[in-house]
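**Student:** I am attaching a structure below and will ask some questions about it afterwards.
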Amino acid sequence: MSNYKFAELPSNESVASVTTFLISAWFVLAGGAMLVEPSVDSQARALSAKTPVVTVRQLTAQADQPDVRFTIQVVAQRDAGRVS
Numbered sequence: 003m004s005n006y007k008f009a010e011l012p013s014n015e016s017v018a019s020v021t022t023f024l025i026s027a028w029f030v031l032a033g034g035a036m037l038v039e040p041s042v043d044s045q046a047r048a049l050s051a052k053t054p055v056v057t058v059r060q061l062t063a064q065a066d067q068p069d070v071r072f073t074i075q076v077v078a079q080r081d082a083g084r085v086s
């Protein structure tokens, strides 16, 4: 009978080096993203450039139109202090 051979397990050095490489790559990508991102000032300028300019006209009431006033009367029946 032949002896079964197990697959070689990675050594601690290879696991540590792969982990270090992945973490370093993550920080390089994050740093690059921060450098490429536009500044707050340029984002504000771009936002204000997209904001439409609105002209507001004030309309005045004509003299021949009467003032309209409404009076609202509310009538309700109250119970003598009972809360339901």
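For the sequence shown, my numbering assigns the number 3 to the initial residue and increments by one for each residue that follows.
Heads up, the beta-carbon is just placed ideally off N, CA and C, and yes, glycines get one too.
The structure displayed is predicted, hence computed values, not measured ones.
1) Please check if any C-beta of chain D sits within less than 9 Å of the C-beta of Val76.
2) Verify whether the separation of the beta carbon atoms of Ala51 and Pro40 is less than 9 Å.
3) Could you check where the alpha helix (DSSP H) with Lys7 kicks off and where it finishes?
4) Ends of the alpha helix (DSSP H) at Asp43?
5) Helix or strand or just coil, what does DSSP make of Ala78?
6) In the structure shown, what three-state DSSP assignment does Phe72 receive?
7) Could you check the C-alpha separation between Phe29 and Ser16 for me, to the nearest Å?
8) State the DSSP-derived secondary structure class of Ser19, mapped to helix, strand or coil.
**Tutor:** To lay it out plainly:
1) Protein chain content of the structure displayed is limited to a single chain, and chain D is not contained in it.
2) no
3) From DSSP, Lys7 is part of no alpha helix (DSSP H); its letter is neither H nor E.
4) Val42 to Lys52
5) coil
6) coil
7) 20 Å
8) helix
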